[in-house]
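A.B. asks: Numbering (my numbering), first residue to last: 1231 to 1328. Each residue gets a CB set at the ideal place from its N, CA and C atoms; glycine is no exception. Just dropping this structure here.
Written out as structure tokens, the structure is:
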């Protein structure tokens, strides 16, 4: 049975509310581990690193080489970087990740 957009939004809203209401770091870490495989967690970390490298002005090909990911992965990250206020959403990103 295919999910409707309303069902998807309800699930997404549930998840964002749950994450926002989780104050304990260990509990939050456990939630994320339950939701994502190790590979998915690494992809998530790579996306953050892509944002950090883009903030520093590194070319996409260099980011791809540094992280050992495909250029398409970096391009998708660059698209999100242009679409959202990354510096506001993730303050001090390069200080933490690079």
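1. Suppose you measure from the CA of residue 1287 to the CA of residue 1238; what does that come to, to the nearest Å?
2. Mapping DSSP to helix, strand and coil, what is residue 1325?
3. For a test of the three-state rule: what should DSSP assign to residue 1314, helix, strand or coil?
4. Express the C-alpha separation of residue 1310 and residue 1273 in angstroms, rounding to a whole number.
5. Put residue 1307 into one of helix, strand or coil per three-state DSSP.
6. Let me confirm a value: residue 1316 is counted as buried when at least 16 other C-beta atoms fall within 10 Å, else exposed. Which label applies?
7. Among 1243, 1241, 1320, which has the Cα closest to the Cα of residue 1283?
C.D. replies: Taking the coordinates as given:
1. 35 Å
2. If DSSP states are grouped into helix, strand and coil, residue 1325 belongs with the helices.
3. coil
4. 14 Å
5. helix
6. buried
7. For the residues 1243, 1241, 1320, the minimum Cα distance to residue 1283 belongs to 1320.
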